[in-house]
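S.K.:
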Amino acid sequence: RAGRAQNFLEPEHIEKVVSAYERYTDIPGFAAVVSHADLADNDYNLNIRRYADNAPPPEPHDVRAHLLGGVPKAEVAAKAELFAA
Numbered sequence: 053r054a055g056r057a058q059n060f061l062e063p064e065h066i067e068k069v070v071s072a073y074e075r076y077t078d079i080p081g082f083a084a085v086v087s088h089a090d091l092a093d094n095d096y097n098l099n100i101r102r103y104a105d106n107a108p109p110p111e112p113h114d115v116r117a118h119l120l121g122g123v124p125k126a127e128v129a130a131k132a133e134l135f136a137a
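Each residue of the sequence shown is one higher than the last, beginning at 53 in the numbering used here.
(1) Would you kindly check if the distance between the Cβ of D105 and the Cβ of G81 is under 8 angstroms?
(2) Let me confirm a value: A107 is counted as buried when at least 16 other C-beta atoms fall within 10 Å, else exposed. Which label applies?
(3) Please classify A130: does DSSP put it in a helix, a strand, or coil?
(4) Smallest Cα separation from A72: which of L120, V85, Y103 and F60?
(5) Which residues in the same chain as K131 place their Cβ atom closer than 6 angstroms to its Cβ, once the five residues preceding and following it in sequence are excluded?
(6) Write down every uninterrupted run of the alpha helix (DSSP H) in the region 54 to 133 whose length is 4 residues or greater and which is fully enclosed by it, in chain order.
This is the structure in structure tokens:
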């Protein structure tokens, strides 16, 4: 929904939430079943990232490029066609 600074749950999102709740199982990156002790250990903070990490995986680094400087070969190869005349 363009033009509004609010988040909306579309029907497919609602279905995913309801399904996770009804299955009562961990879904990596989306839902986690935690004990009362875990909640207490986190001061009852319900922030999703404390229990189900939904961050994207880190990008691999070209160690050689970091050590020697320059642009990683994979990045140069990916952009090579932009420089072809």
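Quick reminder that beta carbons are idealized off the backbone N, C-alpha and C, glycines included. Being a predicted model, the structure only gives us computed values, none of them experimental.
M.R.: On the basis of the supplied data:
(1) yes
(2) exposed
(3) Three-state result, A130: helix.
(4) V85
(5) When the five nearest sequence neighbours on each side are left out, no beta carbon in the same chain lies closer than 6 angstroms to the beta carbon of K131.
(6) 63 to 75, 88 to 93 and 115 to 120
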